[in-house]
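For reference, the structure discussed in these notes is given below.
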Amino acid sequence: MSLATAFFAIIRRDLLLALRRRSEIANPLFFFVLVITLFPLGVGAKPHLLQAIAPGIIWVSALLAAMLSLDSLFRSDFDDGSLEQMLLSPHPVSILILGKVFAHWLVTGLPLLLIAPLLAVFLGMPNESLGVLLLTLLLGTPVLSLIGAIGVALTVGLRRGGMILSLLVLPLYVPVLIFASNAVEMAAGGLPISAQINILIAMLLMALVLAPWPTAAALKMSVS
Amino acid sequence: MFLIPDPVGRFFHRMASPPHFYALTEKLMPWLVAIFLILLACGLYGGLYLAPPDYQQGDSYRIIYIHVPSAWMSLFIYVMMALAGAIGLIWRIKLAEIVAISSASVGASFTFIALVTGSLWGKPMWGTWWVWDARLTSELVLLFLYLGVIGLYNAIDDKRTASKAVAILALVGVVNIPIIHYSVEWWSTLHQGPTVTKMDKPSIHVSMLVPLLLMAVAFKFYYLIAMLQRTRLELLQRERTANWVKKMVLEQKL
Numbered sequence: 001m002s003l004a005t006a007f008f009a010i011i012r013r014d015l016l017l018a019l020r021r022r023s024e025i026a027n028p029l030f031f032f033v034l035v036i037t038l039f040p041l042g043v044g045a046k047p048h049l050l051q052a053i054a055p056g057i058i059w060v061s062a063l064l065a066a067m068l069s070l071d072s073l074f075r076s077d078f079d080d081g082s083l084e085q086m087l088l089s090p091h092p093v094s095i096l097i098l099g100k101v102f103a104h105w106l107v108t109g110l111p112l113l114l115i116a117p118l119l120a121v122f123l124g125m126p127n128e129s130l131g132v133l134l135l136t137l138l139l140g141t142p143v144l145s146l147i148g149a150i151g152v153a154l155t156v157g158l159r160r161g162g163m164i165l166s167l168l169v170l171p172l173y174v175p176v177l178i179f180a181s182n183a184v185e186m187a188a189g190g191l192p193i194s195a196q197i198n199i200l201i202a203m204l205l206m207a208l209v210l211a212p213w214p215t216a217a218a219l220k221m222s223v224s
Numbered sequence: 225m226f227l228i229p230d231p232v233g234r235f236f237h238r239m240a241s242p243p244h245f246y247a248l249t250e251k252l253m254p255w256l257v258a259i260f261l262i263l264l265a266c267g268l269y270g271g272l273y274l275a276p277p278d279y280q281q282g283d284s285y286r287i288i289y290i291h292v293p294s295a296w297m298s299l300f301i302y303v304m305m306a307l308a309g310a311i312g313l314i315w316r317i318k319l320a321e322i323v324a325i326s327s328a329s330v331g332a333s334f335t336f337i338a339l340v341t342g343s344l345w346g347k348p349m350w351g352t353w354w355v356w357d358a359r360l361t362s363e364l365v366l367l368f369l370y371l372g373v374i375g376l377y378n379a380i381d382d383k384r385t386a387s388k389a390v391a392i393l394a395l396v397g398v399v400n401i402p403i404i405h406y407s408v409e410w411w412s413t414l415h416q417g418p419t420v421t422k423m424d425k426p427s428i429h430v431s432m433l434v435p436l437l438l439m440a441v442a443f444k445f446y447y448l449i450a451m452l453q454r455t456r457l458e459l460l461q462r463e464r465t466a467n468w469v470k471k472m473v474l475e476q477k478l
């Protein structure tokens with residue numbers, strides 16, 4: 001089996017598994033919407049305030065939703081032993097991991113993108129910044145999945161890894177949050193945002209190239 | 225050992241052997257402590273008595289002699305931790321893994337000290353305990369990174385595996401170090417720009433700079449002492465069934 005076949009087979013398998021358990025797709029989405037609904041209830045339904053902090057709210061919620069959905073990335077494979085089979089295969093593990101992360105992002109990251117415009121309207125964001133919000137989510141959420149994969153790989157062998165996972169992963173999410181929410185905020189003020197977008201693209205490329213390696217090393221460590 | 229000349233490789237393997245390391249650090253320790261105390265005394269004397277008060281900040285700037293070296297150490301130790309972790313991962317040297325995790329708690333303490341002294345300094349200078357400025361925030365993130373490393377190490381029962389996990393995490397976190405360093409340029413806000421490492425002439429007077437550098441070196445020695453002590457203890461604990469530990473116990477050296 002060639003590497004490309006293995007890569008697409010993993011994506012196909014993971015998507016199929018996700019389709020059989022639809023709640024895994026829906027839950028992060030519900031969580032995302034729910035957290036955003038909590039903010040107006042918490043800070044009061046003041047349109048100006050909500051409009052001002054909308055980029056931050058949406059991005060923080062996306063961050064939390066992405067983090068909570070991480071656990072399903074390797075959990076079932078670890079439990080039923082297919083992760084070991086993957087590590088034993090002759091193909092480079094980092095590439096196979098890339099396939100798994102991509103499938104996971106399609107299932108948990110992409111839906112956030114689709115529901116974000118609705119939430120932006122909820123929070124009264126100006127229409128000009130809507131496109132930028134989607135662009136930052138498109139560039140940022142894959143980075144979250146890639147970085148998060150390292151954290152999951154490190155903690156998948158632990159019985160109660162959930163809390164420690166958030167401690168490991170959230171500090172590493174900070175740069176994405178800063179540049180993404182800043183870009184949306186600048187766009188709402190009609191300012192140029194090419195710098196932030198370029199940095200987000202750079203982060204995505206860097207994460208694509210660098211993140212699978214430590215993930216592979218951590219997975220090997222976790223199953224040993 | 226590839227890419228490394230044979231004598232160097234042999235030297236490292238000798239250094240990495242636990243009994244040799246234990247005996248050597250025992251001999252070195254008094255010297256390290258002496259150098260640390262002398263440097264600390266000179267630095268504090270120079271900083272608290274000899275250096276003139278600042279023309280704007282008066283005497284309250286003197287907290288710089290704790291704050292700035294701690295902040296430097298917080299970054300330095302993280303890099304050392306990642307380096308030791310990388311050595312441990314690549315050449316499977318147990319000692320390097322122990323050095324990495326022993327560095328983590330020392331580094332976390334320095335980060336905490338830098339944050340607290342910065343906050344104490346900020347109150348009279350900026351009129352507030354805390355501002356969400358780039359460097360403060362990234363120092364806080366650094367503290368979280370340290371806590372994550374320590375938490376991960378404690379969460380994994382098998383200490384060999386835990387050391388490997390820590391090494392991987394430290395290497396990943398090291399990507400964050402340049403971001404911290406350049407954050408000053410990226411989102412410069414209330415915090416003053418760096419005054420010592422600027423390319424042109426330092427904008428701090430020599431009578432203030434010398435004690436600062438003395439304190440920085442003293443802190444390096446303190447790190448060495450604290451890290452080595454932790455490493456020695458961890459080594460004893462992990463090697464408690466080894467012959468050299470048994471021999472030391474029988475000879476009542478422990």
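Residue numbers (this note's numbering), protein chains in the order written: chain P, 1 to 224; chain W, 225 to 478. Where a beta carbon is used, it is the ideal one built from N, C-alpha and C, also for glycine.
Worksheet item: What residues in the region 368-393 of chain W have a beta carbon less than 8 Å from any beta carbon of chain P?
Response: Here the close residues are Phe368, Leu369, Leu371, Gly372, Gly375, Leu376, Ala379, Ile380, Thr385, Lys388, Ala389, Ile392 and Leu393.
Fill in: Pairwise C-alpha distance: Asp71/P and Leu139/P
21 Å
Discussion item. Using only the alpha-carbon positions, how far apart do Ile322/W and Ile58/P sit?
Written reply: 41 Å
Practice prompt. Show which residues of chain W have a CB atom less than 7 Å away from the CB atom of Val223/P.
Written response: Those within 7 Å of Val223/P in chain W number zero; the least Cβ separation is about 10 Å.
Fill in: Interface partners of Pro214/P on chain W, CB under 7 Å
By Cβ distance, chain W contributes Ile392, Leu395 and Val396.
Discussion item. Taking the straight line between their C-alpha atoms, what separation do you get for Leu248/W and Leu448/W?
Written reply: 14 Å
Worksheet entry | According to DSSP, residues forming a beta bridge with Gly282/W | Asp278/W
Worksheet item: What is the residue span of the alpha helix (DSSP H) that Gln476/W lies within?
Response: Looking at the DSSP string, Gln476/W is not in any alpha helix (DSSP H), and its letter there is neither H nor E.
Discussion item. Assuming the contact rule is C-beta atoms closer than 8 Å, Leu106/P and Leu137/P should be a hit. Round their C-beta distance to whole Å, please.
Written reply: About 14 Å separates the two Cβ atoms, so there is no contact after all.
Worksheet item: With 8 Å set as the bound, which would you pick, yes or no: does the beta-carbon of Val481/W sit closer than that to a beta-carbon of chain P?
Response: Nothing about residue 481/W can be reported from this structure: the residues present for chain W run from 225 to 478 only.
Item to complete: Figure out for me which residue from Thr455/W, Lys388/W and Leu366/W has the closest Cα to the Cα of Leu170/P.
Response: Selected option, being the one with the closest Cα: Leu366/W.
Item to complete: Taking Ile392/W as part of the alpha helix (DSSP H), name the residues at either end of that continuous run.
Response: Lys383 to Gly397
Practice prompt. Could you check which residue in Gly271/W, Trp296/W, Ile287/W and Val469/W has the C-alpha nearest to that of Lys347/W?
Written response: Ranked by how close their Cα comes to the Cα of Lys347/W, the residues Gly271/W, Trp296/W, Ile287/W and Val469/W have Ile287/W in first place.
Discussion item. Tell me the residue span of the alpha helix (DSSP H) that contains Ser89/P.
Written reply: No alpha helix (DSSP H) contains Ser89/P, which DSSP labels as neither H nor E.
Worksheet entry | CB contact check: Ile57/P to chain W, cutoff 8 Å | no
Practice prompt. On a CA-only basis, which of Asn127/P, Ala54/P, Pro55/P and Val152/P is nearest Val101/P? Give me that one, please.
Written response: Val152/P
Worksheet entry | Whole runs of the beta strand (DSSP E) within the region 127-205 of chain P, excluding any shorter than 3 residues | none
Fill in: Straight-line Cα distance separating Thr361/W from Ala338/W
12 Å
Worksheet item: If contact means a Cβ-Cβ distance below 9 Å, which residues of the region 92-103 of chain P contact chain W?
Response: none
Worksheet item: With burial defined as no fewer than 16 other Cβ atoms inside 10 Å of the residue's Cβ, what is the status of Arg359/W: buried or exposed?
Response: It is buried - the Cβ of Arg359/W has at least 16 other Cβ atoms within 10 Å.
Worksheet item: Is the region 386-400 of chain W in contact with the region 303-310 of chain W, if contact means three or more CB pairs nearer than 8 Å?
Response: yes
Worksheet item: Would you say Ile150/P reaches chain W, if we count a Cβ-Cβ gap shorter than 8 Å as a contact?
Response: yes
Worksheet item: Any idea if Met225/W is buried or exposed, counting beta-carbon neighbours within 10 angstroms, 16 or more meaning buried?
Response: Legend: pLDDT at Met225/W = 47, less than 50; position of this residue unreliable, value from coordinates given subsequently. Burial call: exposed.
Item to complete: Classify Met86/P as buried or exposed, calling it buried when 16 or more other Cβ atoms lie within 10 Å of its own Cβ.
Response: buried
Fill in: N- and C-terminal bounds of the alpha helix (DSSP H) containing Trp350/W
Lys318 to Trp350
Practice prompt. Output yes or no for whether 8 Å exceeds the beta carbon distance between Pro55/P and Ile150/P.
Written response: For Pro55/P and Ile150/P, no; Cβs fall outside 8 Å.
Discussion item. Here's the rule I'm using: 16 or more other beta-carbon atoms within 10 Å means buried, otherwise exposed. How should Tyr285/W be labelled?
Written reply: buried
Item to complete: Would you mind listing the beta strand (DSSP E) stretches within the region 4-66 of chain P that are 3+ residues and don't spill past its ends, in chain order?
Response: none
Practice prompt. Enumerate in chain order the residues of its own chain whose CB-to-CB distance from Tyr377/W is below 6 Å, with the five nearest sequence positions on each side excluded.
Written response: Ile325, Ala386 and Val390
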